[in-house]
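One line per chain: the protein sequences are A and B, in this order. Numbering-wise (full-length UniProt numbering), the first sequence opens with residue 1 and increments by one. Numbering-wise (full-length UniProt numbering), the second sequence opens with residue 1 and increments by one.
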Amino acid sequence: MLKIIIPTIMLIPLTWMSKPNMIWINTTTYGLLISLISLFYLNQPNDNTLNSSLMFFSDSLSAPLLALTTWLLPLMLMASQHHLSKEPLTRKKLYISMLILLQLFLIMTFTASELIFFYILFEATLIPTLIIITRWGNQTERLNAGLYFLFYTLMGSLPLLVALLYIHNFMGSLNFLMIQYWIQPLPNSWSNIFLWLACMMAFMVKMPLYGLHLWLPKAHVEAPIAGSMVLAAVLLKLGGYGMMRITTLLNPLTNFMAYPFMMLSLWGMIMTSSICLRQTDLKSLIAYSSVSHMALVIVAVLIQTPWSYMGATALMIAHGLTSSMLFCLANSNYERIHSRTMVLARGLQTLLPLMAAWWLLASLTNLALPPTINLIGELFVVMSSFSWSNTTIILMGINIIITALYSLYMLITTQRGKYSHHIKNIKPSFTRENALMTLHLLPLLLLSLNPKIILGPIY
Amino acid sequence: MNMFSSCMITALVILTLPIIMSSTKLYKNKLYPYYVKTATSYAFMISMIPTMMFIYSGQEMIISNWHWMTIQTTKLSMSFKLDYFSMIFVPVALFVTWSIMEFSMWYMHSDPYINRFFKYLLLFLITMMVLVTANNMFQLFIGWEGVGIMSFLLIGWWYGRTDANTAALQAVLYNRIGDVGFIMAMAWFQLNLNTWDLQQIFITTNDNFNLPLLGLLLAATGKSAQFGLHPWLPSAMEGPTPVSALLHSSTMVVAGVFLLIRFHPLMEHNQTIQTLTLCLGAITTLLTAICALTQNDIKKIVAFSTSSQLGLMMVTIGINQPYLAFLHICTHAFFKAMLFMCSGSIIHSLNDEQDIRKMGGLFKVLPFTTTSLIIGSLALTGMPFLTGFYSKDLIIESANTSNTNAWALLITLVATSLTAAYSTRIMFFALLGQPRFSPMILINENNPLLINSIKRLLIGSVFAGYIISHSITPTTIPQMTMPHYLKMTALAVTILGFILALELNLTTQGLKFNYPSNYFKFSSLLGYYPTIMHRLTPKTSLTISQKSASMLLDSIWLENILPKSISYFQMKSSTLISNQKGLIKLYFLSFMLTMILSLLILNYHG
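And the structure:
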């Protein structure tokens, strides 16, 4: 794992020592090279895991997320060039260093084999994200958003620390790989119920579960483009990843503890997607759509069947790329219109036809058009929830309909119709932006050809 | 191994060539529409080879090419099913598309993005081929969703128009409701039968197929615009006329019926679902026929008649005659596509005038279009020995003689006679009588692109029914004998409709409504269905999402319960506990008082 971690660390000196006009191109190229290395981990030759050391390992659950993380860094760098073009050089470098630091923490989180180590890094990712949101956000509300972000996730995860110490105390180890062989079924008692809650709530807040999701739209709306991208693409997936790792410790309590959370998620996904129907703010719409998609992941993880796990992992990767792409598109609108309000950016297809094609493709992947991996994820989740209880198909069906509606509503409002006069003299789309969208779409298309590498360990 | 599969694959590959070409310089070429049209015609001719072989030898085939993935015990691979239905439907669809593409070279010639339009048409055709030839449900679903999205793009072709965008969104919404049914069926099959392959589904027995069949029925209802989910089809007429001709008459909308035909091995023993299908089809066919009676937009009338014919196909499935329904799909494709092309010709000639009240007397200026329109209408009504007769007459006969729901039968018969009535109305208002259009328009229909494309379908509308129905061995036993009056029913109700409509039109032509009757309002307002469903449901759901989901839950409850209340209680408790309250005046006052007191006391003491 050091062969990814050390190059990532070395990105920081590269940033600081590059010539002023080379900082973006150097870091982007280097980041892309690192992401190529991470692709090797997608090849999991043996059934269990690739153990790099006592600290790090990767299996087919973490490898796709790892690849997603490293893939996203160059994309974030490409996306935020315009946003930072007015800043002084030092601040640009600081910003890039924050992104690199975040990637470093994320890589280590996804590959940590020790739960306490995982926990520390899980918390450490908050720091660069918080700095990115509160320092480089666009409005004053960013401070409030940072506060919400920090406190929701911290309050959720502090009980986890206590729970981990307790588990360490009676198990003697917190190693993922060993613990799954040692674990005894937890007896049903009040203290174990609280143990379950403590373990799961940290990740549920991160996902986020409906009801604990308020921080997410705020953080997404206020964060700069790179912040929104990484939040939607990777940080939310930390929750799903953590839940899938830790549920092995919590059997058989999950069988009955899952009910309230499943209900909340099923209800919440419809609520949040119907909120999307009434959004006027483009970024907020995409953020709420993330909440609704992540609710599906929560349902899938709590059902705990092979199909649902496959669906959850596929959906996490698919949603990571799609929502990140949508945020990039929203940002390219924002850089031209200087507003996130959708009605101010009507009829852009007339002016920016190629951008309209990207919008179309992004919306179609968001509504899970077959045969994209979004569909595979959603279909598997729908099927496993159908087998869990037949009536959930009604809720899932409503959600499918609303998802299609708001995706196309977003497309039609921004791209179709007559354009308004204040956008007549906007800039054409840059090659950088088109390349950015292509780099989002390409993995989606390629993964649709061969989805089994993102279907997780159970495949 | 013979020519069968290789020819079929060649035909499919030829279709993809112009799509691949679109990334080269050729796409910028003015001849791109021509290439696309030629590719389609070649694909048609090549696909005729396996179809002939199928008709001759009756050989069926399944091609499995590419193993996509295996999920636990379910194997998913790309496979094509070349059986009766796909082998007949593929050439029909290719033939119709070929003509429509030629027609749109004429109709869309002034569009700056005509190349993209052709690419979309071709993409649609490919997804339709995927749908028709799919051998497993996943592949079927790819085609199913693909045609839905292509219909969204094509209806919204003139994206500057709000109506076009609304219609496109409406089409996707109604189709998406149907998709839920499809997904439910997929989930059920996966859960209970552990497969998506059609053969494996059909050989597996299960006691109760009600749930997946209901899902499939819902899917068919959405795609084929059956009652409840029907309003999107007339709205879809906002798209260009070639799109209406291709998607909304001959190919995409029959996909729902096609799905039910595909799954008829499960349906044929299930009385519940059959009765449901029968009633659904009967209601649709009557309601949409009634709606067609009072429309004035020529495309809307044709669209409603499409909807009515789709209802008839559902009725046919309901009386357990999937092969007849399939025959009607094929024959319907010819004359309905031609009717749309004729109305396109009229609309284009009259400078985009769609109102039949402003037409009239077109038989003089558009003789060829008039001929084709009349033949198409007659074929639609089931005039003996035209294409429609071979399927429609059989359908009505089998319905008459089957042991079926009498109400559904009666409704279907009424709808059949209404078919004749609204067809008469189109002919009467648009073609006959005195001209009512602007005399300044230069009308010329003598364009080979227009003439040839319509001519080809015209020949199809006359002979296709005969050829298709006679070259296929009957798979279900047709009714051999029946009483004289039953045999004549279909013809009698049609002639009745003709005569009534003609009389009514002649007598009421010069008259004016004082005020429209309630029956008239019911028909012209489409049975009040859009008024209710398109106002009430969106309004309630959007109000709920704004008021309860967004404002009440998110902005008030969730915001107040956690963050706001925590910070509030923190502040309250901190002010309560702290002894430093910041009351400066009081502090100073007490300070002053003590100072004065101490000074006074000290002074006196001293």
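Note that CB positions come from ideal geometry on N, CA and C, so glycine has one too.
Between the C-alpha atoms of residue i and residue j, what's the straight-line distance to the nearest angstrom?
i	j	result
residue 164 (chain B)	residue 362 (chain B)	28 Å
residue 142 (chain A)	residue 209 (chain A)	22 Å
residue 265 (chain A)	residue 541 (chain B)	20 Å
residue 439 (chain A)	residue 243 (chain B)	33 Å
residue 187 (chain A)	residue 122 (chain A)	28 Å
residue 468 (chain B)	residue 171 (chain B)	32 Å
residue 51 (chain A)	residue 436 (chain A)	33 Å
residue 354 (chain A)	residue 26 (chain B)	18 Å
residue 458 (chain A)	residue 299 (chain A)	17 Å
residue 302 (chain A)	residue 377 (chain A)	15 Å
residue 132 (chain B)	residue 384 (chain B)	30 Å
residue 201 (chain B)	residue 10 (chain A)	57 Å
residue 19 (chain B)	residue 118 (chain B)	10 Å
residue 543 (chain B)	residue 395 (chain A)	19 Å
residue 565 (chain B)	residue 547 (chain B)	22 Å
According to DSSP, is residue i helix, strand or coil?
i	result
residue 393 (chain B)	helix
residue 179 (chain B)	helix
residue 53 (chain A)	coil
residue 74 (chain B)	strand
residue 175 (chain A)	strand
residue 319 (chain B)	coil
residue 428 (chain B)	helix
residue 445 (chain B)	coil
residue 117 (chain B)	helix
residue 238 (chain B)	helix
residue 418 (chain A)	coil
residue 139 (chain A)	coil
residue 127 (chain A)	helix
residue 356 (chain A)	helix
residue 403 (chain B)	coil
residue 515 (chain B)	coil
Is residue j closer than 7 Å to residue i when the C-beta atoms are compared?
i	j	result
residue 408 (chain B)	residue 282 (chain B)	yes
residue 51 (chain B)	residue 8 (chain B)	no
residue 225 (chain A)	residue 331 (chain A)	yes
residue 391 (chain B)	residue 423 (chain B)	no
residue 321 (chain A)	residue 443 (chain A)	yes
residue 333 (chain B)	residue 461 (chain B)	no
residue 11 (chain B)	residue 62 (chain B)	no
residue 419 (chain B)	residue 381 (chain B)	yes
residue 227 (chain A)	residue 132 (chain A)	yes
residue 347 (chain A)	residue 283 (chain A)	no
residue 356 (chain B)	residue 298 (chain B)	yes
residue 234 (chain A)	residue 69 (chain A)	yes
Name the DSSP bridge partner or partners of residue i?
i	result
residue 341 (chain A)	A:281
residue 197 (chain B)	B:136
residue 81 (chain B)	B:62
residue 355 (chain B)	B:297
residue 67 (chain B)	B:77
residue 112 (chain A)	A:56
Problem set entry | Positions along the stretch 165 to 176 of chain B whose CB lies within less than 7 Å of some CB in chain A | 165, 169, 172, 173 and 176
Problem set entry | Positions along the stretch 349 to 374 of chain A whose CB lies within less than 7 Å of some CB in chain B | Flagged, chain order: 349, 364, 369, 370 and 371.
Problem set entry | Residues from the stretch 544 to 556 of chain B in contact with chain A, defined by Cβ distance under 8 Å | 544, 545, 546, 549, 550, 553 and 554
Exercise. Given a limit of 8 Å on CB to CB distance, which residues of the stretch 529 to 543 of chain B reach chain A?
Worked result: 541 and 542
For this session: May I ask you to list, following chain order, the residues of the stretch 478 to 497 of chain B that have a beta carbon less than 8 Å from some beta carbon of chain A?
Result: none
For this session: May I ask you to list, following chain order, the residues of the stretch 68 to 82 of chain B that have a beta carbon less than 9 Å from some beta carbon of chain A?
Result: 68, 69, 70, 71 and 72
For this session: Could you name the residues of the stretch 182 to 201 of chain B whose beta carbon sits closer than 8 Å to any beta carbon of chain A, in the order they occur along the chain?
Result: 183, 184, 186, 187, 188, 190 and 191
Exercise. For the stretch 402 to 419 of chain A, which residues have a beta carbon sitting closer than 8 Å to at least one beta carbon of chain B?
Worked result: 404, 405, 408, 409, 412, 415, 416, 417 and 418
For this session: Give the residues from the stretch 286 to 320 of chain A that approach chain B closer than 8 Å (Cβ to any Cβ), ordered along the chain.
Result: 306, 307 and 310
Exercise. What residues from the stretch 249 to 270 of chain A come within 9 Å of chain B, judged by C-beta to C-beta, listed N to C?
Worked result: Shown in chain order are the members of the stretch 249 to 270 of chain A whose Cβ falls below 9 Å from a Cβ of chain B: 270.
Exercise. If contact means a Cβ-Cβ distance below 7 Å, which residues of the stretch 132 to 146 of chain B contact chain A?
Worked result: 141, 142 and 145
Exercise. Residues in the stretch 274 to 285 of chain A with C-beta within 9 Å of chain B's C-beta atoms, listed in sequence order?
Worked result: Flagged, chain order: 274, 275, 276, 277, 278 and 279.
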